[in-house]
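Protein chains: 2
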Amino acid sequence: MTLMYDQLLNIIRDVDRISLNETILEQHSKGMTYHTPQKPELVVYPQTKEEVSQILTYANERCIPVTPFGVGSSLEGHIIPAQGGITVNLSLMNKVVEVRPEDFLVKVQPGVTRSQLNKELKRHGLFFPVDPGADATIGGMASTNASGTNSVKYGTMKDQVLGLEVVLADGRVVRTGGMAVKSSAGYNLTSLLVGSEGTLGIITEITLRLQGIPEIIVASRALFASIEAAGNAAAAMLKSGLDLGKVELVDQATIQAVNAYKNTDYQEVPTLFIEMSGSEQAVKKDMELAQEIAVEEGCQLFESESDSLARAKLWEARHHVAFAIQAANPGKGLLSTDVCVPISELPNAIKETRKLIERHGVEAAIFGHVGDGNYHAVLSIDANDPESVKKIEEINQQIVAYALAKGGTCTGEHGIGLGKKQFLRLEHGEAVDIMKEIKVVFDPKRILNPGKIF
Amino acid sequence: MTLMYDQLLNIIRDVDRISLNETILEQHSKGMTYHTPQKPELVVYPQTKEEVSQILTYANERCIPVTPFGVGSSLEGHIIPAQGGITVNLSLMNKVVEVRPEDFLVKVQPGVTRSQLNKELKRHGLFFPVDPGADATIGGMASTNASGTNSVKYGTMKDQVLGLEVVLADGRVVRTGGMAVKSSAGYNLTSLLVGSEGTLGIITEITLRLQGIPEIIVASRALFASIEAAGNAAAAMLKSGLDLGKVELVDQATIQAVNAYKNTDYQEVPTLFIEMSGSEQAVKKDMELAQEIAVEEGCQLFESESDSLARAKLWEARHHVAFAIQAANPGKGLLSTDVCVPISELPNAIKETRKLIERHGVEAAIFGHVGDGNYHAVLSIDANDPESVKKIEEINQQIVAYALAKGGTCTGEHGIGLGKKQFLRLEHGEAVDIMKEIKVVFDPKRILNPGKIF
Numbered sequence: 084m085t086l087m088y089d090q091l092l093n094i095i096r097d098v099d100r101i102s103l104n105e106t107i108l109e110q111h112s113k114g115m116t117y118h119t120p121q122k123p124e125l126v127v128y129p130q131t132k133e134e135v136s137q138i139l140t141y142a143n144e145r146c147i148p149v150t151p152f153g154v155g156s157s158l159e160g161h162i163i164p165a166q167g168g169i170t171v172n173l174s175l176m177n178k179v180v181e182v183r184p185e186d187f188l189v190k191v192q193p194g195v196t197r198s199q200l201n202k203e204l205k206r207h208g209l210f211f212p213v214d215p216g217a218d219a220t221i222g223g224m225a226s227t228n229a230s231g232t233n234s235v236k237y238g239t240m241k242d243q244v245l246g247l248e249v250v251l252a253d254g255r256v257v258r259t260g261g262m263a264v265k266s267s268a269g270y271n272l273t274s275l276l277v278g279s280e281g282t283l284g285i286i287t288e289i290t291l292r293l294q295g296i297p298e299i300i301v302a303s304r305a306l307f308a309s310i311e312a313a314g315n316a317a318a319a320m321l322k323s324g325l326d327l328g329k330v331e332l333v334d335q336a337t338i339q340a341v342n343a344y345k346n347t348d349y350q351e352v353p354t355l356f357i358e359m360s361g362s363e364q365a366v367k368k369d370m371e372l373a374q375e376i377a378v379e380e381g382c383q384l385f386e387s388e389s390d391s392l393a394r395a396k397l398w399e400a401r402h403h404v405a406f407a408i409q410a411a412n413p414g415k416g417l418l419s420t421d422v423c424v425p426i427s428e429l430p431n432a433i434k435e436t437r438k439l440i441e442r443h444g445v446e447a448a449i450f451g452h453v454g455d456g457n458y459h460a461v462l463s464i465d466a467n468d469p470e471s472v473k474k475i476e477e478i479n480q481q482i483v484a485y486a487l488a489k490g491g492t493c494t495g496e497h498g499i500g501l502g503k504k505q506f507l508r509l510e511h512g513e514a515v516d517i518m519k520e521i522k523v524v525f526d527p528k529r530i531l532n533p534g535k536i537f
Numbered sequence: 084m085t086l087m088y089d090q091l092l093n094i095i096r097d098v099d100r101i102s103l104n105e106t107i108l109e110q111h112s113k114g115m116t117y118h119t120p121q122k123p124e125l126v127v128y129p130q131t132k133e134e135v136s137q138i139l140t141y142a143n144e145r146c147i148p149v150t151p152f153g154v155g156s157s158l159e160g161h162i163i164p165a166q167g168g169i170t171v172n173l174s175l176m177n178k179v180v181e182v183r184p185e186d187f188l189v190k191v192q193p194g195v196t197r198s199q200l201n202k203e204l205k206r207h208g209l210f211f212p213v214d215p216g217a218d219a220t221i222g223g224m225a226s227t228n229a230s231g232t233n234s235v236k237y238g239t240m241k242d243q244v245l246g247l248e249v250v251l252a253d254g255r256v257v258r259t260g261g262m263a264v265k266s267s268a269g270y271n272l273t274s275l276l277v278g279s280e281g282t283l284g285i286i287t288e289i290t291l292r293l294q295g296i297p298e299i300i301v302a303s304r305a306l307f308a309s310i311e312a313a314g315n316a317a318a319a320m321l322k323s324g325l326d327l328g329k330v331e332l333v334d335q336a337t338i339q340a341v342n343a344y345k346n347t348d349y350q351e352v353p354t355l356f357i358e359m360s361g362s363e364q365a366v367k368k369d370m371e372l373a374q375e376i377a378v379e380e381g382c383q384l385f386e387s388e389s390d391s392l393a394r395a396k397l398w399e400a401r402h403h404v405a406f407a408i409q410a411a412n413p414g415k416g417l418l419s420t421d422v423c424v425p426i427s428e429l430p431n432a433i434k435e436t437r438k439l440i441e442r443h444g445v446e447a448a449i450f451g452h453v454g455d456g457n458y459h460a461v462l463s464i465d466a467n468d469p470e471s472v473k474k475i476e477e478i479n480q481q482i483v484a485y486a487l488a489k490g491g492t493c494t495g496e497h498g499i500g501l502g503k504k505q506f507l508r509l510e511h512g513e514a515v516d517i518m519k520e521i522k523v524v525f526d527p528k529r530i531l532n533p534g535k536i537f
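If you're matching them up, the sequences are chains A and P in order. Counting from 84, one number per residue, gives the positions in the first sequence under my numbering. Counting from 84, one number per residue, gives the positions in the second sequence under my numbering.
Following this line, the structure appears as structure tokens:
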């Protein structure tokens, strides 16, 4: 037992909630992707904001690094304690504090997962729309400004978070925002904290906007001869003012990979996956209009389903894209690019990315959130082979350089973390100096998730 | 001519763009409301970001206060140079820099007005959805995080601004955000600057998201026996997942004031004004559903129109509410409250506000953005009569206290400015200290719009 252990036990007073166990330290050393693992010295599991405050006060006095941890689904190494120290695992702070159905809002602790929240909300006829794929915690999703397929209609985390309770590095507990849907009262600290990747404070409560569960959801799949035709169809749908829910694009080679992985026989052409939700009559009318638009742009097949099982089946190829690459490369790590470009640039960006990847002779799934201009190339990477790492990192750099040249961003929804630090100044120039000064306002001793973002 | 005039002329090199004229100074001394006027020492009209940068470098070196000015439509005295100094009038920086119709975005200079922008966008089949009522400049709207009736569907300014070019107090020009619809790259400085009321920098370019002009717009008016019934109907519509555009509530006494002012005979009951937009068939179906919901909640009359003139006529009573109070009190100033409460609290908040106002024996228009929980009481105020000022300020304080007790905000869309400074710490507590430290990062000598927010 270390001195730190004894001192934190003095705060937590529960041996089951502090750990030096090697397996536990190992679990907190790595994310979902290829970044080099690093173990914390100790993992602590607070249950209250007071405990979080005391842990941070303790760590701040001694300049000990502190890394917050949710379920570890980060794709950019956010939860790797790059400088050791204390990992604060927030999974025990997993209460849905208050549902206010008539106000369309909920207060949750940071360790509540997306699926746990939606289960709780269902009986109120409500749901929380942000779906990044993984069953992440709400705290983690707020920290990376996560989004996913639903953001065309509902926006990203920053659009859902109305207020936060945050413990600052020195242990102060502050509240930002509130329960009003909009506010112009002072600086928007809530939006500053959302996406700050645990470097400005530890979130202990989140107030979220909710949505009414729509009467009906209709999903469609539309096949095209080319990426351009699919892109043009998506653009025309956006422009027509249709109330689009999801608009996803998967390229030809990715459909081929899915077929190889799942032994399926999806037609191997660029495919748009569309979803709309709302009142039954309105959605049916809008999906008819979407089909007309798709056909005008040369769509070869347009299928729609509203039953939930049939919808899942229709979208199956989309859901399997990331797994297809993983399955084809057992035992290897993954790198997911995450650039986001101006909407009209997406079809070309995907085409150029596919060419680049073929030139390097590697495999990748490529799929895009067309309504946002955000797309991912999921690449297999052998972390033990310097050549493989070098090649994949080069591909990543070129994809980012292309996106930045078009006015885009190096990360649409995953965050900077460890893996994209080299791109931040390329993208934001001198504004990064301001970000660093803001970091010092919140965390003068730089104990909060050090080594991330900057 | 003063020394400052000569020195600024050295930067601007155009006598037509610097003024010491009394009438000009007078025009820049006051906003639309009751706040005490204060003249600047000088007004300057830059045309480029380089000029803005040089003006700020000059002012910063000498600690001269600088107040940005758009068209002066602020309702909270933002553009009153409370400590004198230089007013930077941005009306000559009124170029639509670049329309990118395929990307649904536009870059504008800060002096572009809302109507100017929408005129320019129309030929591209696009529009900019934020409509605060006044024909404000985009720079001013960004600075106060303005919104208005469209925010139920499209959100507030912070949801539209993708990127900014900003001149900091020391003359540095930085860019935040970019042209991607979403990003998780570093701290969200864009959202921090939106709503910062000219206290962190002077905005010189704004990148905005745009929307496709919908195929059809349908407006409706629904009459109810009580504020509760109207509120319940609005809540049920929100919960049903209908794609609502606008949902506005006007109380009975306000309809009476409109009838007195315009000599109309609107039925004097609480009235909901609703608008939906999108594809023709979908909107018609959704408006039918809205009518069914309204009738279930006891709606006595539900009328809809889709033709633009007929729509305007249907909503006329809503459009006249603020003018009705002004007309009834010629020569007096106005104070508009701007609290925003959790959505379900709105009907009660409006009722309590009406009672409070009646208790004080004054007149007021009361109307609310039901979908947001934001509402305004527009009160006549005689700035020359200390009793009148005291009484109205007391009413304002009680309305804010009520909203804060319900978890709301003192300002949903107008900003803190001069008039709501006393409420900021009541609302945000210790978070205000963080805001003040952030202010110092951007503007260490506190030259930017001093006296506002804090």
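For every residue, glycine included, the Cβ atom is placed at its ideal position computed from N, Cα and C.
When DSSP states are grouped into helix, strand and coil, A:M115 belongs to the coil group. The continuous alpha helix (DSSP H) containing A:P430 extends over residues 429–442. Taking the beta carbon of P:L321 as reference, the chain A residues within 8 Å of it are F187, G295, listed in sequence order. Using a Cβ-Cβ cut-off of 9 Å, A:H161 is close to nothing in chain P; its nearest Cβ partner there is about 11 Å away. Using a C-beta cut-off of 8 Å, the stretch 254–272 of chain P makes no contact with the stretch 298–317 of chain P, since fewer than three inter-stretch Cβ pairs fall below that distance. Here P:L392 is exposed, its C-beta having fewer than 16 other C-beta atoms within 10 Å. In this structure, the alpha-carbon of P:A312 lies about 24 Å from that of P:V366. If you look at A:S198, you'll find it isn't in any beta strand (DSSP E); it sits in the alpha helix (DSSP H) that goes 197–205. At a cut-off of 8 Å between C-beta atoms, P:S266 counts as an interface residue with respect to chain A.
Buried is the label assigned to A:N532, since at least 16 other Cβ atoms lie within 10 Å of its Cβ. For A:E280, there is no enclosing alpha helix (DSSP H), as DSSP marks it with neither H nor E. At a Cβ-Cβ threshold of 8 Å, A:E510 and P:A268 count as neighbours. When DSSP reads this structure, P:D421 sits in a beta bridge with P:T494. Using a 10 angstroms sphere on the CB of A:Q350, the tally of other CB atoms stays under 16, which defines it as exposed. When DSSP states are grouped into helix, strand and coil, P:Y458 belongs to the strand group. Cβ atoms of A:H443 and A:K474 come within 8 Å of each other, at about 6 Å.
Taking C-beta separations shorter than 8 Å and ignoring five residues to either side along the sequence, the partners of P:P129 in its chain run I95, R100, V135, I138, V171, L173, L175, M176, following chain order. Closer than 8 Å at the C-beta level to chain A, one finds these residues of the stretch 341–364 of chain P: S360, G361, S362, Q364. Taking every protein chain shown into account, the CB of A:G281 has 16 or more other CB atoms within 10 angstroms, so this residue is buried. 8 Å or more divides the Cβ of A:A395 from the Cβ of A:A340. Distances from the alpha-carbon of A:D186 to those of A:K528, A:Q294, A:K535, A:E470 put A:Q294 closest. For P:L372, the nearest CB of chain A lies under 8 Å from its own CB, placing it at the interface with that chain. Taking a contact to require three or more Cβ pairs closer than 8 Å, the stretch 333–348 of chain A and the stretch 345–365 of chain P do not qualify as touching.
Per DSSP, P:T150 is one residue of the beta strand (DSSP E) stretching across 149–152. Assignment of A:L509 by DSSP, reduced to helix, strand and coil, places it in the helix class. For P:R100, there are no neighbours in chain A by C-beta distance under 7 Å, as the nearest C-beta there is about 28 Å away.
Neighbours of A:S234 across chain P, judged by C-beta separation under 9 Å: V264, K265. With distances taken between CA atoms, A:T290 lies nearest to A:Q243 out of A:P212, A:N315, A:Q243, A:A229. Buried is the label assigned to P:C493, since at least 16 other Cβ atoms lie within 10 Å of its Cβ.
CA-to-CA, the gap between A:G490 and P:E470 works out to about 56 Å. For P:N172, the enclosing beta strand (DSSP E) has its first and last residue at 169–172. Taking CB atoms only, P:D369 has a neighbour in chain A less than 8 Å away. Short of 7 Å from the beta carbon of A:I163, and not among the five residues preceding or following it, lie these beta carbons of its own chain, in chain order: S112, K113, G114, H118, P120, Q121, L501. No Cβ-Cβ contact shorter than 8 Å links P:L245 with P:R206. According to the DSSP assignment, A:K190 belongs to no alpha helix (DSSP H) but to the beta strand (DSSP E) extending over 188–191.
The bridge partners DSSP lists for P:S391 come to none.
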